[in-house]
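In what follows, a single structure is set out as structure tokens and then discussed.
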Amino acid sequence: MKLTNRTDDTRLSATTLGTGLAYDRSKVSPGIVHLGVGAFQRAHMAVYVDDILGVGPSWGIIGASLRRPDTRLALAPQDFLYTLAVQSGAGTTIRTIGALLNVLDATVQHAQLISALTDPRIRIVTLTITEKGYCHDPATGLLDQQHPDVLHDLARPEEPVSAPGLIVRALELRKIAGVAPFTVLCCDNLPANGQTTARVVTGLAELRDRKLANYIAREVAFPSTMVDRIVPATTDVDRKLVFEATGMTDAWPVVTEPFSQWVVEDHFPFGRPPLEKAGVQFVSDVRPYELMKLRMLNGSHSILAYLGYLGGYKYVNEAIADPAFRRLIHDFMTQEVMETLPPGLSDLVAYRDALLERFDNPALQHQTWQIAMDGSQKLPQRLLGTIRERLERGLSVTRAALGVAAWMRYVSGTDEQGGKTDVRDPLAARLATITKAAGATPLRLVEVLLNVREVFGDDLPRHNLFRAELVRHLTSLFQIGARGTARALIGERP
Ligand code: CS2
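Numbers in this note's numbering are just positions in the sequence shown, counted from 1, shifted up by 418.
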């Protein structure tokens, strides 16, 4: 990120912005601590909060980055203000967001973060720490007791580094001080995300102190949510666009699509912002929405990411413009996912068509490589849930299995041109070792990868039909590539 050649009077800040917000920011006080400030949170949850700060000024956000200084470094000089650019084929709309009152860098401001988390004004702690931030076993959803961060937090409970560790410590301190706890709101793409978060937090507390664990289980609410907005990583092109549109330099704007959805289970014992005024849907059971979104959107995204990347497509909109890929994703949703979803959801056909249109957005530049990251943490809820249910019912899993085979091909470390693939995944080292030992032999690759229990559990490796589909697809991916395989699957000449 280059900020040279611009004088400070063109840098976005409270002074240069003037009265550019719809509310008086000096009246806003913090009510939420957010762990994991990233592009997604800044383009989603923070925008909903920004919308209601005029009527609910006690719900400002203190953000925290758990690993990296970059967000604080970029936003502090601009008073934590940033630009939201909403882009579609029809053009761009620009808005400044002021909901973040501060961003702490937990690596050097640990004490400040703990004091924010124990501040009685804080009534909600929200999380976007990505799937791997939960230190859990993706196949079972249970805390991984051998996770290095968990071991660290058990050894030094006063200086936790993981999000579950920070939450446990903050709740412990609040309990000691006689301060009511906060509500924990997971905003990550996990199945039953409230329960999953509750399980890892109480699981960690249990390893430290049973009484504390009981207290958390009894007193703390973990409502589930479904979050949805496509937010690619910000690039220098986006920075330039924002500068050209506003005349101000913003070191870290966020660029997103027009669509945004947030469905929340309405269980906030210590109060919540009036987010329904900003379009949040409060419901008693989030599960149907969550399954729909994870299996339709994220499932399709992951298939497109692996096949697209292998097929040489850098961006999602390029991949979905390939007729064979488009047809494959259309049929995956229609013929494999829809019948696994609970009844009562509104028009799934319209939902599917809207997704295809969103993937098409040419302004977004969403990299297949970005979505391909952390597959070991994503596959269970995106593809394997669909596959499990269909196998149980004796139904075919061809397209979903192609997504899994494409992941297997991807993590084997080379692309179709023989170049090296930069595989980012918490299990990357292990995946590299086992795939190297197996070589480019589909049967052996399927064998070793299916045995990664954290991903496939104990049941899927035993399923012969699933295994056969994987071997068939992987053989085809090696022989005729991703595009050829997609074409063959939809009945066209590869
Ligand atoms: C994507 C998601 O990066 C990914 O894995 O599938 O971030 C996706 O864009 C969001 O969940 C959309 O709501």
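A virtual CB, placed ideally from N, CA and C, is assigned to each residue, including glycine.
All figures in this text were calculated on a predicted structure; none of them were measured in a lab.
- Go through the region 637-717 residue by residue and report every complete run of the alpha helix (DSSP H) that reaches 4 residues or more, in order. 654-664, 705-710
- Message: Closer than 8 Å is the cut-off here; do at least three beta carbon pairs connect the region 496-506 with the region 765-785?
- Response: yes
- Query: So, using beta-carbon positions, are residue 715 and residue 744 closer together than 9 Å?
  - Reply: no
- Same chain, Cβ closer than 6 Å to residue 711, neighbours up to 5 away in sequence not counted: 644, 646
- Comparing the C-beta of residue 847 with each C-beta of chain B, is any distance below 9 Å? Protein chains in the displayed structure number just one, and chain B is not present.
- Query: Between 456, 680, 707, 442, which lies nearest to residue 761 when the distance is taken from Cα to Cα?
  - Reply: 707
- Which same chain residues, not among the five before or five after residue 551, have their C-beta less than 6 Å away from its C-beta? 581
- Query: Going by other Cβ atoms of all chains shown within 10 Å of its Cβ, with 16 needed for buried, is residue 823 buried or exposed?
  - Reply: buried
- Message: Output needed for residue 524: all residues of its chain with C-beta closer than 7 Å, excluding positions within five of it in sequence on either side, in chain order.
- Response: 482, 483, 484, 531
- Message: I'd like to confirm something about residue 789: is its beta-carbon nearer than 8 Å to some heavy atom of the ligand CS2, or not?
- Response: yes
- Message: Quick check: the Cα distance between residue 895 and residue 903, rounded to an integer number of angstroms?
- Response: 6 Å
- Query: Considering only the beta carbon of each residue, do residue 537 and residue 671 sit closer than 9 Å?
  - Reply: For residue 537 and residue 671, no; Cβs fall outside 9 Å.
- Could you check what DSSP says for residue 503 in three-state terms: helix, strand or coil? strand
- Query: Are the region 675-693 and the region 628-641 in contact at 8 Å, needing three or more beta carbon pairs?
  - Reply: yes
- Task: For residue 785, write down the residues that DSSP places opposite it in a beta bridge.
- Result: 733
- Message: I'd like to check one pair, residue 559 with residue 609: are the Cβ atoms closer than 9 Å?
- Response: Contact flag set, yes.
- Message: Can you tell me which residues form a DSSP beta bridge with residue 604?
- Response: 545
- Looking at residue 648 and the ligand CS2, is the gap between the Cβ and the nearest heavy atom below 8 Å? Yes, Cβ of residue 648 sits closer than 8 Å to a heavy atom of the ligand CS2.
- Query: Over what stretch of residues does the beta strand (DSSP E) that includes residue 523 continue unbroken?
  - Reply: Here the beta strand (DSSP E) through residue 523 covers 518-523.
- Query: What separation, rounded to the nearest whole angstrom, lies between the Cα atoms of residue 825 and residue 428?
  - Reply: 45 Å
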